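Each residue of the sequence shown is one higher than the one before, starting from 385 at the first, in our numbering.
By construction, the Cβ of each residue, glycine as well, lies at the ideal position given by its N, Cα and C atoms.
Note that the structure is predicted; figures quoted are calculated from it, not measured.
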Amino acid sequence: MSASTRRSVIKGTGSALPRTRVSNADLAKRVDTTDEWIVERTGIKFRHIAEDDETTSSLAIEAADKAMKAAGISGADIDLIIVATATPDQTFPATATIVQDALGSNGCVAFDVAAVCSGFLYALSVADSMIRVGSVQNALVIGAETFSRILDWEDRGTCVLFGDGAGAIVLAAEQGENGILATRLHADGAHNQLLYVDGGAGTTGTVGKLRMKGREVFRHAVVNLSSVLKEVLDEAGESIDNVDWVVPHQANARILDATAKKLNLAPEKVIKTVDMHANTSAASVPLALDTAVRDGRIKAGDLLVLEAMGGGFTWGASVIRY
Numbered sequence: 385m386s387a388s389t390r391r392s393v394i395k396g397t398g399s400a401l402p403r404t405r406v407s408n409a410d411l412a413k414r415v416d417t418t419d420e421w422i423v424e425r426t427g428i429k430f431r432h433i434a435e436d437d438e439t440t441s442s443l444a445i446e447a448a449d450k451a452m453k454a455a456g457i458s459g460a461d462i463d464l465i466i467v468a469t470a471t472p473d474q475t476f477p478a479t480a481t482i483v484q485d486a487l488g489s490n491g492c493v494a495f496d497v498a499a500v501c502s503g504f505l506y507a508l509s510v511a512d513s514m515i516r517v518g519s520v521q522n523a524l525v526i527g528a529e530t531f532s533r534i535l536d537w538e539d540r541g542t543c544v545l546f547g548d549g550a551g552a553i554v555l556a557a558e559q560g561e562n563g564i565l566a567t568r569l570h571a572d573g574a575h576n577q578l579l580y581v582d583g584g585a586g587t588t589g590t591v592g593k594l595r596m597k598g599r600e601v602f603r604h605a606v607v608n609l610s611s612v613l614k615e616v617l618d619e620a621g622e623s624i625d626n627v628d629w630v631v632p633h634q635a636n637a638r639i640l641d642a643t644a645k646k647l648n649l650a651p652e653k654v655i656k657t658v659d660m661h662a663n664t665s666a667a668s669v670p671l672a673l674d675t676a677v678r679d680g681r682i683k684a685g686d687l688l689v690l691e692a693m694g695g696g697f698t699w700g701a702s703v704i705r706y
């Protein structure tokens with residue numbers, strides 16, 4: 385297969401959520417909030433919170449195992465593992481190497497990508513590039529987070545928004561019409577203080593807690609996501625009318641609705657799962673993708689647009705023929 389004709393095709397999807405599901409009513413017992421307040425502003429009804437024996441790597445491993453079973457391959461067939469995460473098990477080594485060992489993929493390329501909520505799109509782009517040039521045949525791309533461990537549970541404006549989880553896909557090099565058609569990525573570090581964690585190994589020596597100025601993030605998200613969606617569709621030579629499904633970062637139902645409206649996109653074409661698991665950062669796009677694949681909405685041949693924006697700011701989108 386020549387490098388010029390290789391495409392990265394999604395062969396399997398998988399996801400994982402921690403055992404403990406927390407409703408808005410449950411959260412109201414420990415935080416000054418209400419179910420009505422959260423639903424009205426975010427659309428979130430539930431989130432999953434990791435127990436002590438559940439980690440970013442354990443969720444990633446579960447999601448990856450499901451994706452590989454769906455693809456009909458084993459760990460020995462994997463040439464590349466990328467884990468997108470802002471909450472790694474350790475400062476180092478990479479969480480991807482922990483996943484690698486558990487899956488029996490030892491010896492393949494394995495590393496983490498840190499682009500927060502856009503991390504899965506960044507990881508997807510890297511894996512696609514390596515497949516296209518012929519470096520790897522099969523890649524495992526995972527978004528996994530335990531955001532509950534960096535939340536300030538006294539900050540009701542942010543702690544209600546996030547949850548834990550993981551999603552994974554298996555990409556394989558194939559010829560044909562299906563696969564990743566185009567990806568566009570961006571970053572703008574000028575907005576660091578709008579969404580960040582107030583700690584780090586190289587500064588405070590601590591993990592720190594998440595801080596966010598929600599109103600400003602909302603405004604940037606709608607503008608950036610609608611812009612990058614148009615940009616990536618142009619690059620792929622497709623129009624918004626040809627899109628079967630948009631699989632967005634599941635941050636806030638109001639952002640999803642506002643972005644769809646700005647693009648004149650029918651709301652029923654937007655995959656929404658934020659109500660069931662809240663914002664799971666890098667995990668949210670593959671979580672939503674796996675949900676829609678497994679419930680039968682997304683079918684072979686469908687044209688998908690995946691998109692996300694996160695702290696940094698980072699943002700991006702990918703057009704995929706499923």
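DSSP state of residue i, grouped into three classes?
i	result
E558	strand
F476	coil
A635	coil
R414	coil
R533	helix
V467	strand
D628	coil
L690	strand
I482	helix
L640	helix
What residue range does the beta strand (DSSP E) around residue i cover?
i	result
K395	391 to 400
R431	430 to 433
I564	563 to 571
T404	404 to 407
For residue i and residue j, which I take to be in contact (beta-carbon distance under 8 Å), what is that distance rounded to the nearest angstrom?
i	j	result
D548	L443	7 Å
I534	V591	6 Å
R390	G518	7 Å
G700	L569	4 Å
A507	A455	Rounded, the Cβ-Cβ distance is 17 Å, inconsistent with contact.
Roughly how many whole angstroms lie between the Cα atoms of residue i and residue j?
i	j	result
P472	D496	8 Å
A667	T588	26 Å
K413	R540	12 Å
L613	S623	10 Å
A523	L555	5 Å
V393	G685	11 Å
T675	T657	8 Å
T475	A448	21 Å
W629	V677	11 Å
Q634	E420	19 Å
N636	V606	11 Å
I466	N562	22 Å
N663	L464	26 Å
So residue i is in the alpha helix (DSSP H); what residue range does that whole segment cover?
i	result
F697	Unbroken run through F697: none, as it is neither H nor E.
L578	It is not in any alpha helix (DSSP H) - L578 carries neither H nor E in the DSSP assignment.
S610	598 to 620
L443	440 to 455
S623	From DSSP, S623 is part of no alpha helix (DSSP H); its letter is neither H nor E.
Whole alpha helix (DSSP H) elements within the segment 498 to 529, 4-residue minimum: 503 to 516
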